[in-house]
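Going down the list, the protein sequences come from chains A and B.
First residue of the first sequence? That's 1 in this note's numbering, and the numbers climb one at a time after it.
First residue of the second sequence? That's 1001 in this note's numbering, and the numbers climb one at a time after it.
Ideal Cβ positions, reconstructed from N, Cα and C, are used throughout, including at glycine.
Protein chains: 2
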Amino acid sequence: MTEPDKLRVNGHRLWNSIMSMAEIGPGEQGGCCRLALTDEDKRGRDLFIEWCTAIGCAIEIDDMGNIFARRAGRNNDLPPIVAGSHLDTQPHGGKFDGVYGVLAALEAVRTIHDANVETQAPVEIVVWTNEEGSRFAPAMIASGVYAGLFEKEYAWSRADSDGKTIGEELERIGYRGKHACGEHVIGALLEAHIEQGPILEANNKQIGVVQGGQGVRWYDLTMKGQDSHAGSTPMRGRQDALVACADMISRIQKLALDFAPHGVATVGEMSVRPNSRNTIPGEVFFTVDIRHPDGETLDKMAEQFSQTGKALANQHNVEIKTDEIWHNPPVEFDQQCIDAVASSAEELGYEHQPIVSGAGHDACQICRVAPTSMIFVPCADGLSHNEQESAKPADLEAGCNVLLQAMLKLAG
Amino acid sequence: MTEPDKLRVNGHRLWNSIMSMAEIGPGEQGGCCRLALTDEDKRGRDLFIEWCTAIGCAIEIDDMGNIFARRAGRNNDLPPIVAGSHLDTQPHGGKFDGVYGVLAALEAVRTIHDANVETQAPVEIVVWTNEEGSRFAPAMIASGVYAGLFEKEYAWSRADSDGKTIGEELERIGYRGKHACGEHVIGALLEAHIEQGPILEANNKQIGVVQGGQGVRWYDLTMKGQDSHAGSTPMRGRQDALVACADMISRIQKLALDFAPHGVATVGEMSVRPNSRNTIPGEVFFTVDIRHPDGETLDKMAEQFSQTGKALANQHNVEIKTDEIWHNPPVEFDQQCIDAVASSAEELGYEHQPIVSGAGHDACQICRVAPTSMIFVPCADGLSHNEQESAKPADLEAGCNVLLQAMLKLAG
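Listed below in structure tokens is the structure:
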């Protein structure tokens, strides 16, 4: 039997698994469209479970559809060391976001299995439901229920744009498990992920040792003016909700630039009514996403944003309605988990650096109830939520080796 | 027999006719939804024909579904004096747009009939098919075929969102007539219409003597940047197509204000891709509608608009694609027809003013092949293409009296 600290993952097998998963719900431009709880998501889950059972893992599914695949340890009374991420994607998503974390965990467990290594604590691979939040808002809802941040009934009732709910869709695809979400014990959670930002690539580092996640505030906004004929309504006196919204988008951009390089703000979603070429838009709905790693600074950005909205609505003679639909304060990861990642990267001889996650991740929810850390690897141009999202096989392999070694350290 | 210049319409009968027509395809909020060539449109047409035959008019329907209801004159070799508009509405349309023009013409002919007045030339009431363009684009298609602006085969082939064509739907509702569209001779055309703008109301005038229609240019624009993660992509280096588009909307607004009060510009339709809350938008499609009564000034606005687009795309590091999909130069109405309207308004003692039509109308198509003018009456707050569209009975009656007198002057 190979000494555990000499174990290395099979980078080709990891790569091939990622490419096989990407064939389910392929995008039009080389990426993926595998929205949460669709038929494609079901097929991705089924394939994952097939792979896990092939190496003897026991499957447990909770009533939020989260999947835990367990490889027993020597002492199964110990809480398991869990690694994983999510399999759902953005509508124009890439092959790596989430999927890498799940399949790196699978590759680590496959490597442990092949080498017949018996860990002290059990090791598990987890798949969290609806991380992206594209089909059902908010994002990271199932890890959020696990961490006690959302009520389960609230989560089940969240509907997509066709009115289908998470509860119904879990039932429909056969992934509403018997176990109550949150009751499955986690000893520690590790999540490997592409960085989705440009920092590691710019610094020529292969591994990011993630210290925590930045804070996020999400808003739904509606501006209401008055529909009117585009040809016969003079410019003066119009109540054009889209002109007001455009001004707001420019101000949000300026606000974020004032808080650069750490602050970011984005308007990602928008709909215009009546959306007719020759009618002045009477109503615009849009979303705002504001982030900063420092909680107090994030509050300051939120306050300025809210004041700007009121001032602009007044200026453009439209009504504004602002709902904060999500507030996730910054999180700090567990020092023992961070150390396990950092020392593994060091021992493996990979260039590494501490980093803060710009994106939200399931790990940022679970860290509130269990020791947690993350491992980042570079992705080309920092590009993510894009079909062109890309990562190098060598970087993915390096991150997977760090994950394997950190899991072994924590599992004993 | 009353002297023709002493004839006055029956305002109550006009109002009641408008209200009866509004019962066919009622809207949810007090307006109308009677889309072109639907069952509701057929019922509206049937009722109109019933009213016309009751006063002895002869009906002729052409192969675009345009209806001409003719009251014979003393000399039926003279080309007829025609008045009318359209009966189709926007999906959330009002009771008056188009309908007023048809039923004011009916009321004028009813008044002539009741008084046993015999005109020199025949007088006719016309209903044009699919003026709104809501169900089938482009708008004003049947008057456009009449004026030789569209081929009839092209018009017949235009499909709604379910793939049903104008040709099929004309056949289905029994309004594809035998006569070739465009062959029916028009001596002069008068169209009464609500203003759909706020000018008459603001100036406290009851009658707008329409001099012509402003020029229109329609554009489809696409801006392309790069989809990217909203949390982990720093502000610097983003290629946010929506931020670029927002800047463009503000500049278009400014451009129109620079050409106020006559110039107008509107972004009415927009779609964002991938339209996900936590993804920087990589692509935005939007439409631009620019209008001005002076052709050269409209060209200048178009030129500035095009330059602004290029400059902004460059500044925001996105690609821009601009397609001009329609260019309708300004039209000038016939002086004799304008004079007939102006002198009638003056003789009737109504406050009146010259005005240019901001919206497109069937009259703006027909004026290319026959002498034409229009009569505007105020509508509340200038509001149109809206179920709340409203007009005062006294104003509708005044416009109808002007129409009657102008028809009598032109018919002799």
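The beta-carbon separation of histidine 316/A and valine 369/A, rounded to 45 angstroms, does not stay under the 8 angstroms limit for a contact. One thing to note: glutamate 191/A has its Cβ no nearer than 8 angstroms to the Cβ of alanine 54/A.
Taking the beta carbon of valine 1117/B as reference, no residue of chain A falls within 8 angstroms; the closest one sits roughly 34 angstroms away. Near chain A, meaning a CB-to-CB distance below 7 angstroms, no residue of the segment 1128–1143 of chain B qualifies. Listed along the chain, the chain B residues whose CB falls inside 9 angstroms of the CB of methionine 270/A are Leu1242, Met1270, Ser1271, Val1272, Asn1275, Pro1281 and Val1284. At least 8 angstroms separates the CB of methionine 301/A from every CB of chain B. Contact between leucine 403/A and isoleucine 375/A is confirmed by a C-beta separation of about 6 angstroms, below the 8 angstroms threshold. Residues of the segment 1035–1063 of chain B with a Cβ closer than 9 angstroms to any Cβ of chain A: none. Per DSSP, the continuous alpha helix (DSSP H) segment holding isoleucine 1049/B begins and ends at 1039–1054. A direct Cα-Cα distance of roughly 6 angstroms separates proline 261/A from proline 1234/B. Around the beta carbon of alanine 83/A, 16 or more other beta carbons sit within 10 angstroms, so the residue counts as buried. Listed in chain order, the beta strand (DSSP E) elements of length 3 or more contained wholly in the segment 170–235 of chain A are 188–194, 207–213 and 215–224. With contact defined as three or more Cβ pairs closer than 8 angstroms, the segment 1085–1094 of chain B and the segment 1373–1387 of chain B are in contact. For leucine 1200/B against alanine 1104/B, the beta-carbon gap comes to about 16 angstroms, at or over 8 angstroms, which does not count as contact.
Rounded to whole angstroms, leucine 1047/B and histidine 1012/B show a C-alpha spacing of 18 angstroms. Here the segment 1242–1257 of chain B makes contact with the segment 1302–1313 of chain B; the two share three or more CB pairs at distances below 8 angstroms. With three or more CB-CB distances shorter than 8 angstroms, the segment 1174–1191 of chain B counts as touching the segment 1059–1072 of chain B. Taking the CA atoms as reference points, glutamine 1090/B sits about 59 angstroms from alanine 394/A. The beta carbon of leucine 1312/B sits no closer than 8 angstroms to any beta carbon of chain A. Counting only runs of 3 or more residues that sit fully inside the segment 1059–1099 of chain B, the beta strand (DSSP E) segments are 1067–1071 and 1081–1086, in chain order. For valine 145/A, the uninterrupted alpha helix (DSSP H) run begins and ends at 141–146, by DSSP. In the three-state reduction of the DSSP assignment, alanine 121/A falls in the coil class.
Per DSSP, valine 341/A is one residue of the alpha helix (DSSP H) stretching across 335–348. At a cut-off of 8 angstroms, the C-beta of glutamine 315/A has no neighbouring C-beta in chain B.
In this model, alanine 1230/B and isoleucine 1194/B are separated by some 47 angstroms (Cα to Cα). The beta-carbon of glycine 1212/B is placed no less than 8 angstroms from the nearest beta-carbon of chain A. Ranked by how close their Cα comes to the Cα of isoleucine 1325/B, the residues Asp1220/B, Ile1207/B and Ser1017/B have Asp1220/B in first place. Among the CB atoms of chain B, one or more fall inside 8 angstroms of the CB of asparagine 386/A. The C-beta of threonine 1222/B comes no closer than 8 angstroms to any C-beta of chain A. The contact set of arginine 291/A on chain B, defined by CB atoms closer than 7 angstroms, consists of Gly1231 in chain order. When Gln1211/B, Gln1304/B and Gln1226/B are compared, the shortest CA-CA separation from leucine 1257/B is found for Gln1304/B.
Using a 10 angstroms sphere on the CB of lysine 1006/B, the tally of other CB atoms stays under 16, which defines it as exposed. Only Gln90, Pro91, His92, Gly93 and Asp97 from the segment 89–115 of chain A bring a Cβ to less than 9 angstroms from some Cβ of chain B.
Around the CB of proline 329/A, fewer than 16 other CB atoms lie within 10 Å, so the residue is classed as exposed. For arginine 135/A, the closest alpha carbon among the candidates Gly268/A, Val127/A and Ala159/A is that of Ala159/A.
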